[in-house]
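First up is the structure itself, then whatever we jot down about it.
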Amino acid sequence: YNLLSAVIQQFEFNTPTHLNPLFGSVIPSSCGFLANKISGEIAAAQPDLVFDFLQESLRGLRAVPARHHVFCLDYMVPWICRLSIVPEESTTRQRLHVLLSEFLGLTSERTELYPVFLQRLWSHFATFPLWILQELMDVFMDHAVSYPDTVDIVGEVFCLISTSPRDGRRIPDLILDYALELFNTEPDRPNAPLETNEEGWNNVRVCLRFLLMCSLHDALDVH
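Numbers -2 to 220, taken from the numbering used here, label the letters of the sequence shown in order.
Have a look at this one:
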């Protein structure tokens, strides 16, 4: 509590909730709601810190025991939502690409917390601007092709976003556009099986896998 109070005062964050340093007082160990509330207020007051905050949070999340991961992710949620308003610039795209890669890498590594990552982290992306979803598509394809064992995990994240009632249907459209672009640029006669071909046809194989998963989740309009 005192550390949070000191940070707000040191950096002069303008938050509605005012914290006073306390000495000799007992703070409940389950004070996560307060910390999450203050995190949301700082995210609203200092949106320019979103990339720095999330990267530092990921570094801290990797360092704490797994039992604390849910709390860390809850603390990050207001900042994750703030990604939806970052400006579309070349430097922003680069930082976003790095951040999404780290998000996906952590999701793939910590399989025991996979449902938590789906709910706390990825469920918010359904309403994000199209350019962020396009960046997400590039990151996911690169990861799935580079680490074939994670294709189903990546596909489940796609399915979660695509089944959201809030603009989730854009995800299957992006996958289809990506696959059609590959079909138009790759040689007409690939070898069988597809994974033995050059990178482009391997990407096609991954796209088809994602589309199949979306269809099984009723997230693909076959008409």
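C-beta: ideal position from N, C-alpha, C; glycine also.
These numbers come from a predicted model, not from an experiment.
Query raised in the report: Helix, strand or coil: how does DSSP classify E85 here?
Result: coil
**Report entry** 7 angstroms CB neighbourhood of R167 in its chain, flanking five on each side removed
**Finding:** L127, L130
Report task. Starting from the C-beta of N200, find all residues in its chain whose C-beta is less than 7 angstroms away, skip the five residues before and the five after it, and write them out in chain order. Result -> M138, V142, L179
Query - Buried or exposed (CB count within 10 angstroms, at least 16 for buried), S159 - result: Buried, since its Cβ has 16 or more Cβ neighbours within 10 Å.
Query raised in the report: Helix or strand or just coil, what does DSSP make of V151?
Result: helix
**Report entry** Distance between L103 and H97 (C-alpha atoms, nearest Å)
**Finding:** What sits at residue 97 in the sequence shown is Leu, not His. Cα atoms of L97 and L103: separation of roughly 10 angstroms, rounded to the nearest angstrom.
Query raised in the report: Three or more beta-carbon pairs under 8 angstroms between the region 114 to 125 and the region 145 to 161, yes or no?
Result: yes
Query - alpha helix (DSSP H) segment containing R64, residue limits - result: Looking at the DSSP string, R64 is not in any alpha helix (DSSP H), and its letter there is neither H nor E.
Query - Residues of its chain near S54, where Cβ-Cβ distance is below 8 angstroms and the 5 sequence neighbours each way are ignored - result: Here the set comprises C69, Y72, M73, W76.
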